[in-house]
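Student: Read in the working numbering, the sequence shown has 440 at position 236, and its numbers run on one by one without any break.
Glycine included, each C-beta is placed from N, C-alpha and C at the ideal position.
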Amino acid sequence: MDERVREHADVLVDWSARVEDGDDVVLSVGPDAHELAVAVAEKLGERGANLLATYSSGEITRAYLRAHDGEFDENPAHELALVENADVYLSLGGGRNTSATADVPGERRRAYNNARSEIRETRLGTRWVSTVHPTRSLAQQANMAYEEYQEFAYDAILRDWESLADEMAQLKDLLDEGDEVRLVSQGTDLTLRIDDRTAVNSAASVAYDSHNLPSGEVFTAPYATEGEVTFDVPMTLRGESVRDVRLEFEDGAVVDYDAAQGADVIGEILETDDGARRLGELGIGMNRGIDRYTDNILFDEKMGDTIHLALGRAYDANLPDGESGNDSAIHVDLITDVSEDSRLEIDGEVVQRNGRFRWEERGSERT
Numbered sequence: 205m206d207e208r209v210r211e212h213a214d215v216l217v218d219w220s221a222r223v224e225d226g227d228d229v230v231l232s233v234g235p236d237a238h239e240l241a242v243a244v245a246e247k248l249g250e251r252g253a254n255l256l257a258t259y260s261s262g263e264i265t266r267a268y269l270r271a272h273d274g275e276f277d278e279n280p281a282h283e284l285a286l287v288e289n290a291d292v293y294l295s296l297g298g299g300r301n302t303s304a305t306a307d308v309p310g311e312r313r314r315a316y317n318n319a320r321s322e323i324r325e326t327r328l329g330t331r332w333v334s335t336v337h338p339t340r341s342l343a344q345q346a347n348m349a350y351e352e353y354q355e356f357a358y359d360a361i362l363r364d365w366e367s368l369a370d371e372m373a374q375l376k377d378l379l380d381e382g383d384e385v386r387l388v389s390q391g392t393d394l395t396l397r398i399d400d401r402t403a404v405n406s407a408a409s410v411a412y413d414s415h416n417l418p419s420g421e422v423f424t425a426p427y428a429t430e431g432e433v434t435f436d437v438p439m440t441l442r443g444e445s446v447r448d449v450r451l452e453f454e455d456g457a458v459v460d461y462d463a464a465q466g467a468d469v470i471g472e473i474l475e476t477d478d479g480a481r482r483l484g485e486l487g488i489g490m491n492r493g494i495d496r497y498t499d500n501i502l503f504d505e506k507m508g509d510t511i512h513l514a515l516g517r518a519y520d521a522n523l524p525d526g527e528s529g530n531d532s533a534i535h536v537d538l539i540t541d542v543s544e545d546s547r548l549e550i551d552g553e554v555v556q557r558n559g560r561f562r563w564e565e566r567g568s569e570r571t
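1. May I have the straight-line CA-CA distance separating serine 568 from leucine 286, to the nearest angstrom?
2. Excluding the five sequence neighbours on either side, which residues of its own chain have a C-beta within less than 7 Å of the C-beta of glutamate 322, listed in chain order?
3. According to DSSP, is glutamine 556 helix, strand or coil?
4. Between which two residues does the alpha helix (DSSP H) harbouring arginine 587 extend?
5. Which residues does DSSP list as the beta-bridge partners of threonine 395?
6. Thinking C-alpha only, which one of Trp365, Asn405, Thr339 is nearest glutamine 354?
7. Closest to asparagine 522 by C-alpha separation, out of Gly487, Ile550, Thr498, would be which residue?
8. Report back the beta-carbon spacing between valine 422 and threonine 510 to the nearest angstrom; my notes put them in contact at under 8 Å.
9. Distance, Cα to Cα, isoleucine 398 vs glutamate 553?
10. Valine 458 and leucine 474 - do their beta-carbons sit closer together than 8 Å?
11. Would you report the Cα separation of methionine 205 and proline 524, rounded to the nearest angstrom?
12. Quick one: give me the first and last residue of the alpha helix (DSSP H) that aspartate 380 is part of.
13. Could you give the C-beta distance for glycine 258 and valine 233, rounded to a whole number, given that I count them as a contact under 8 Å?
14. When the Cα of glycine 249 is compared with those of Asn318, Leu394, Asp495, Glu224, which residue comes out closest?
15. Taking all protein chains shown into account, decide if isoleucine 264 is buried (16 or more other Cβ within 10 angstroms of its Cβ) or exposed.
16. Work out the CA separation of glycine 329 and asparagine 530 for me, nearest whole Å.
17. Quick one: Cα of alanine 290 to Cα of threonine 326, how far?
18. Would you kindly check if the distance between the Cβ of glycine 443 and the Cβ of threonine 395 is under 8 Å?
19. State whether the stretch 355-365 contacts the stretch 300-319, with contact taken as three or more CB pairs (one from each stretch) at a distance under 8 Å.
20. Using 8 Å as the cut-off, can you tell me whether the stretch 300-308 makes contact with the stretch 239-254, which would need three or more C-beta pairs spanning the two stretches below that distance?
21. Pick out whichever of Ser445, Asp537, Asp504, Asn416 has its Cα sitting closest to the Cα of aspartate 468.
22. Between which two residues does the alpha helix (DSSP H) holding glycine 489 run?
23. Taking C-alpha atoms, which residue in Asp383, Arg222, Glu311, Ser409 lies nearest to threonine 158?
24. For the candidate residues Asp214, Gly420, Val229, Asp504, whose alpha-carbon lies nearest to that of valine 404?
25. Using DSSP with H/G/I as helix, E/B as strand and the rest coil, what is threonine 305?
26. In its own chain, which residues sit with a C-beta less than 6 Å from the C-beta of glycine 310, not counting the 5 before and 5 after it?
27. Measuring alpha carbon to alpha carbon, tell me which of Thr434, Arg324, Thr440 ends up nearest alanine 281.
28. For alanine 349 and glycine 391, what's the separation of their Cα atoms in angstroms?
29. Please confirm whether histidine 274 and valine 336 have their CB atoms less than 8 Å apart.
30. How long is the line joining the alpha carbons of arginine 208 and aspartate 214, rounded to whole angstroms?
31. Mind pulling the beta strand (DSSP E) runs of 3 or more residues that sit fully within the stretch 217-303?
32. Between Asp520, Thr476, Val536, which lies nearest to isoleucine 501 when the distance is taken from Cα to Cα?
33. Return the first residue and the last residue of the beta strand (DSSP E) that glycine 516 is part of.
34. Can you tell which of Arg266, Gly489, Asp236, Arg222 has its C-alpha closest to the C-alpha of arginine 560?
35. Quick check on DSSP: helix, strand or coil for leucine 451?
36. Relative to the alpha-carbon of valine 555, which residue among Leu342, Ala407, Glu381 has its alpha-carbon at the smallest distance?
Below you can see the structure in the form of structure tokens.
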């Protein structure tokens with residue numbers, strides 16, 4: 205086994221999920237994530253955790269959804285019981301076809317997601333972490349050789365997370381103290397309220413309210429969004445290519461949209477429910493170990509020189525106790541490149557210009 209696979213498992217179990225002796229762990233394994241699953245299982249055994257492994261396949265999901273009549277039972281008891289009794293939920297992505305569910309009708313997908321809202325909320329109440337094993341399908345989607353993609357993925361995953369957490373804490377403090385964010389770039393002039401919100405220093409660990417590996421972003425839950433934004437980073441959403449998405453907001457909600465490619469997909473997403481037209485997240489990428497787009501949101505949204513906004517559900521970690529944020533069955537991220545002709549302001553002060561933060565600029569001046 206490649207030693208990096210074992211290192212990946214170590215980071216996932218120890219740093220990210222903080223698994224303890226006696227924890228009940230659900231391990232969801234993608235078809236080509238077998239090797240990582242073996243390493244994680246060994247680590248969980250050493251830790252004395254209780255393991256239940258499940259198989260997660262886009263092709264199985266496609267077959268089920270296409271054959272179903274669309275009248276789904278609400279939160280099936282056997283599935284709900286699984287997550288209700290889990291302390292930790294680990295998802296190891298690594299499918300054979302990144303577009304396996306592309307031809308599932310949108311209304312059926314929405315019905316399925318809406319019927320599992322309680323299951324989803326319960327899973328999010330565990331110490332859950334999502335990661336991916338570098339596979340040939342992901343390498344192909346990123347337009348990279350398999351060995352090249354492995355190097356890329358492990359550069360992003362096997363980081364000095366404590367040091368990155370210290371750096372990202374500077375941006376978290378600015379967002380926590382701020383009331384309003386303004387993002388300006390080509391095709392974008394957007395203002396968002398963030399007062400009374402708590403930013404998350406997403407350092408790839410549940411100890412930081414962070415649930416992705418790799419991570420490397422600071423995010424908060426905006427509201428009262430006004431203006432327009434263009435997302436120029438190409439993505440695959442629901443199995444279809446989406447490029448140059450433009451959203452216009454009034455009174456916090458999307459009132460107009462367009463895209464150079466995939467406008468129908470964006471329209472389908474916006475029609476999911478009332479919350480799908482509002483933002484649940486403002487995220488600023490800070491993982492400079494991710495140095496190129498790969499058409500994989502787990503990596504791309506964490507990349508330095510990018511900002512992403514998510515339509516749909518807000519995370520409780522960003523909200524005051526007892527307050528409900530934007531609620532939706534979806535959380536769909538869209539990314540914009542801010543490396544040129546852009547600025548990010550907090551309460552009128554520029555904290556990032558052309559992808560560089562104030563403290564990075566000061567550091568380069570000293571050197």
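Tutor: Taking the structure as given:
1. As a working note, residue 568 is residue 364 in the sequence shown. As a working note, residue 286 is residue 82 in the sequence shown. Here the model assigns serine 568 a pLDDT of 46, short of 50, so the residue's position is not dependable, and the following value carries that caveat. The straight-line gap from Cα to Cα measures roughly 51 Å.
2. Position 118 of the sequence shown, counted from the start, is the residue given in the question as residue 322. Closer than 7 Å at Cβ, skipping near neighbours: Asn279, Leu284.
3. Locating residue 556 in the sequence shown gives position 352, counting from the first residue. Of the three classes helix, strand and coil, the one that applies to glutamine 556 here is strand, per DSSP.
4. Here the chain comprises residues numbered 205 to 571, so residue 587 is not present and cannot be evaluated.
5. Here the question's residue 395 lines up with position 191 in the sequence shown. Beta-bridge pairing links threonine 395 to Arg386, Glu430.
6. To locate residue 354, count along the sequence shown from 1; it is residue 150. Nearest option by C-alpha distance: Thr339.
7. Translated into the one-based positions of the sequence shown, residue 522 becomes position 318. Considering only alpha carbons, the answer is Gly487.
8. Locating residue 422 in the sequence shown gives position 218, where the first residue counts as 1. Locating residue 510 in the sequence shown gives position 306, where the first residue counts as 1. That belief does not hold up - the Cβ atoms of valine 422 and threonine 510 are roughly 12 Å apart, past 8 Å.
9. Against the sequence shown, residue 398 aligns to sequence position 194. Against the sequence shown, residue 553 aligns to sequence position 349. Spanning the two alpha carbons is a distance of roughly 15 Å.
10. Within the sequence shown, numbered from 1, the residue matching residue 474 stands at position 270. Within the sequence shown, numbered from 1, the residue matching residue 458 stands at position 254. For leucine 474 and valine 458, yes; Cβs fall inside 8 Å.
11. Your numbering for residue 205 matches position 1 in the sequence shown. Your numbering for residue 524 matches position 320 in the sequence shown. So the two alpha carbons sit approximately 45 Å from each other.
12. Against the sequence shown, residue 380 aligns to sequence position 176. Aspartate 380 -> alpha helix (DSSP H) spans 365-381.
13. For the purposes of this step, residue 258 is identified with residue 54 of the sequence shown, where counting begins at 1. For the purposes of this step, residue 233 is identified with residue 29 of the sequence shown, where counting begins at 1. It is worth fixing the name first, because residue 258 is threonine in this sequence and not glycine. So it is a contact: roughly 7 Å between Cβ atoms.
14. Start at 1 with the first residue of the sequence shown, and residue 249 comes out as number 45. Here the closest residue by C-alpha is Glu224.
15. Stepping through the sequence shown from its first residue, residue 264 is reached at position 60. Under this definition isoleucine 264 is an exposed residue.
16. Your numbering for residue 530 matches position 326 in the sequence shown. Your numbering for residue 329 matches position 125 in the sequence shown. Taking the straight line from one Cα to the other gives about 17 Å.
17. To locate residue 290, count along the sequence shown from 1; it is residue 86. To locate residue 326, count along the sequence shown from 1; it is residue 122. Rounded to whole angstroms, alanine 290 to threonine 326 spans 9 Å at the Cα level.
18. Translated into positions along the sequence shown, residue 395 becomes position 191. Translated into positions along the sequence shown, residue 443 becomes position 239. Going by C-beta atoms, threonine 395 is not nearer than 8 Å to glycine 443.
19. no
20. no
21. Taking the first residue of the sequence shown as 1, we reach residue 468 at position 264. Ranking Ser445, Asp537, Asp504, Asn416 by Cα distance to aspartate 468 puts Ser445 first.
22. Here residue 489 refers to the residue found at position 285 when the sequence shown is read from its first residue. Where glycine 489 is concerned, there is no enclosing alpha helix (DSSP H), although the beta strand (DSSP E) it sits in stretches over 483-489.
23. Outside the shown range of the chain (205 to 571) lies residue 158, about which nothing can therefore be said.
24. Position 200 of the sequence shown, counted from the first residue, corresponds to residue 404. The residue with the shortest Cα to Cα distance from valine 404 is Gly420.
25. Position 101 of the sequence shown, counted from the start, is the residue given in the question as residue 305. Here threonine 305 sits in coil by DSSP.
26. The residue labelled residue 310 in the question sits at position 106 within the sequence shown. Closer than 6 Å at the Cβ level, and outside the excluded window around glycine 310, lie Glu472.
27. Taking the first residue of the sequence shown as position 1, residue 281 is located at position 77. Taking only the C-alpha atoms, the option nearest alanine 281 is Arg324.
28. Taking the first residue of the sequence shown as position 1, residue 349 is located at position 145. Taking the first residue of the sequence shown as position 1, residue 391 is located at position 187. The straight-line gap from Cα to Cα measures roughly 34 Å.
29. For the purposes of this step, residue 274 is taken as residue 70 along the sequence shown, with counting starting at 1. For the purposes of this step, residue 336 is taken as residue 132 along the sequence shown, with counting starting at 1. Reading off the sequence shown, one finds glycine at residue 274, where the question assumed histidine. Going by C-beta atoms, glycine 274 is not nearer than 8 Å to valine 336.
30. Translated into the one-based positions of the sequence shown, residue 208 becomes position 4. Translated into the one-based positions of the sequence shown, residue 214 becomes position 10. The alpha-carbon atoms of arginine 208 and aspartate 214 are separated by roughly 10 Å.
31. 228-233, 254-259, 292-297
32. In the sequence shown, the residue the question calls residue 501 occupies position 297. Cα-wise, what sits closest to isoleucine 501 is Val536.
33. Numbered from its first residue, the sequence shown carries residue 516 at position 312. Its beta strand (DSSP E) spans residues 510-516.
34. The sequence position of residue 560 within the sequence shown is 356, counting from 1. The residue with the shortest Cα to Cα distance from arginine 560 is Gly489.
35. Here residue 451 is taken as the residue at index 247 of the sequence shown, counted from 1. Leucine 451 falls in the strand class under three-state DSSP.
36. For the purposes of this step, residue 555 is identified with residue 351 of the sequence shown, where counting begins at 1. Among Leu342, Ala407, Glu381, the Cα nearest to that of valine 555 is on Glu381.
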